[in-house]
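Working notes for the structure below.
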Amino acid sequence: MALQPWRTGKVIRIENETPDTRRFWFEVPELDAFPFLPGQFVTLDLPIHEKPNKRWRSYSISSWPDGSNVFELIIVLDQQGLGTPYLFEQASVGTEIPFRGPQGVFTLKEPIEEDVVLVCTGTGIAPFRSMIQHLHRNGIPHKDLHLVFGCRNQSSLLYYDEMRSLEKAVPGFHYHPVLSREEKEGFDHGYVHAVYERICANRQPARFYLCGWKGMIDEARQRIQQLGYEKKDIHFEIYG
Ligand SMILES: Cc1cc2nc3c(=O)[nH]c(=O)nc-3n(C[C@H](O)[C@H](O)[C@H](O)COP(=O)(O)OP(=O)(O)OC[C@H]3O[C@@H](n4cnc5c(N)ncnc54)[C@H](O)[C@@H]3O)c2cc1C
0 MALQPWRTGK VIRIENETPD TRRFWFEVPE LDAFPFLPGQ FVTLDLPIHE KPNKRWRSYS
60 ISSWPDGSNV FELIIVLDQQ GLGTPYLFEQ ASVGTEIPFR GPQGVFTLKE PIEEDVVLVC
120 TGTGIAPFRS MIQHLHRNGI PHKDLHLVFG CRNQSSLLYY DEMRSLEKAV PGFHYHPVLS
180 REEKEGFDHG YVHAVYERIC ANRQPARFYL CGWKGMIDEA RQRIQQLGYE KKDIHFEIYG
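Numbering follows numbering that gives the first Met the number 0, with no gaps: position 115 of the sequence shown is 114.
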């Protein structure tokens, strides 16, 4: 897809998801529909610096293409950062923010002929929520679809109720929440790595999609290759 022009995104709704994570809905008034592929991101131009390239922050689209001109982002506050304090403290319903997109190639290639293992931490769930909802709503055939989602505790699990509902509604979808700082019945305890290693213990044909912060992704790429999978089976989006 060619580089898209800068457009205006208007904040139309904001909701707290956890104490430090918010969902932001943007409308694109100049378009009737905002098409994108699940897994793509947009780049916001935030009023936080004189130099344009120091103002740009990218966010995966967490909603799915529904033919409307609205998209959703889920954003975690970094108190030490520049962009997210602006979004949390100054942006409100009605704020207009220039953005560019959709961008990126972190998308599910079809047909899906092997298991898909989605691995993320924190707001890295954004592109995966979009992909899972897209497969579900369009009845796209797939094999087993695993979402391994690492967080500190149950209260920091994003889209928790929605993922539990999808588990019931989507045949072959398996949701694996993993808590690193809380031991609770019904949840894996520890880090994401042991969970996808267990899922792939039989080395079944699988594709991996990794999303989140660099440390998790670097380790997962190494471990998945040690399991015997090839580099071409591993796709990733690094947040920082
Ligand atoms: C493709 C993509 C998709 C993404 N999707 C999401 C998403 O869906 N949700 C989400 O929450 N995030 C996402 N991110 C991350 C997002 O783009 C931002 O990096 C994040 O929101 C932090 O932005 P910030 O402006 O608040 O922090 P920044 O101002 O960028 O600072 C980040 C950190 O770096 C430190 N820092 C800054 N400058 C310096 C310096 N000079 N020296 C040392 N340390 C410094 C700060 O202390 C801070 O802790 C994505 C990133 C990419 C690349």
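Every residue gets a Cβ at the ideal spot worked out from N, C-alpha and C, and that includes glycine.
Fair warning: this is a prediction, and the values are worked out from it, not measured in the lab.
Mind checking which residues open and close the alpha helix (DSSP H) that includes residue i?
i           : result
residue 165 : 159–168
residue 205 : Counting along the chain, residue 205 falls outside any alpha helix (DSSP H), though it belongs to the beta strand (DSSP E) covering 205–211.
residue 195 : 191–198
Report the rounded CA-to-CA distance for residue i versus residue j, giving the unit in angstroms.
i           : j           : result
residue 205 : residue 113 : 5 angstroms
residue 77  : residue 120 : 15 angstroms
residue 39  : residue 71  : 12 angstroms
residue 94  : residue 184 : 42 angstroms
residue 49  : residue 235 : 31 angstroms
residue 217 : residue 89  : 34 angstroms
residue 158 : residue 129 : 11 angstroms
residue 201 : residue 175 : 18 angstroms
residue 199 : residue 192 : 11 angstroms
residue 145 : residue 233 : 14 angstroms
residue 74  : residue 226 : 32 angstroms
residue 19  : residue 124 : 15 angstroms
residue 223 : residue 208 : 11 angstroms
residue 215 : residue 34  : 30 angstroms
residue 84  : residue 61  : 20 angstroms
residue 155 : residue 80  : 20 angstroms
residue 190 : residue 221 : 15 angstroms
Tell me which same chain residues have a C-beta within less than 8 angstroms of the C-beta of residue i, skipping the five on either side of it?
i           : result
residue 28  : 7, 9, 68
residue 2   : 99, 102
residue 140 : 110, 111
residue 165 : 131, 132, 135, 172, 174
Starting from residue i, follow the beta strand (DSSP E) in both directions and report where the run begins and ends.
i           : result
residue 185 : Counting along the chain, residue 185 falls outside any beta strand (DSSP E), and DSSP gives it neither H nor E.
residue 44  : 40–44
residue 58  : 55–59
residue 235 : 233–237
residue 173 : 172–178
Provide the residue(s) that pair with residue i in DSSP beta bridges, ordered along the chain.
i           : result
residue 9   : 26, 95
residue 14  : 22
residue 148 : 119, 176
residue 35  : Residue 35 pairs with nothing; no bridge assigned.
Just to confirm my understanding: we take residue i, look at its own chain, exclude 5 residues before and 5 after, and list those with CB closer than 7 angstroms. What are they?
i           : result
residue 152 : 178, 180, 181
residue 203 : 114
Is residue i close to chain D? Criterion is C-beta to C-beta, closer than 8 angstroms.
i          : result
residue 95 : Among the chains in the structure shown there is no chain D, since it carries only a single protein chain.
Looking only at its chain, what residues have a beta carbon closer than 6 angstroms to the beta carbon of residue i, apart from the 5 residues adjacent to it on each side?
i           : result
residue 5   : 97, 99
residue 195 : 116, 118, 147
### Query
Taking the runs of the alpha helix (DSSP H) that are 4 residues or longer, which of them lie wholly in the stretch 74–144?
Runs found: 82–88, 125–137.
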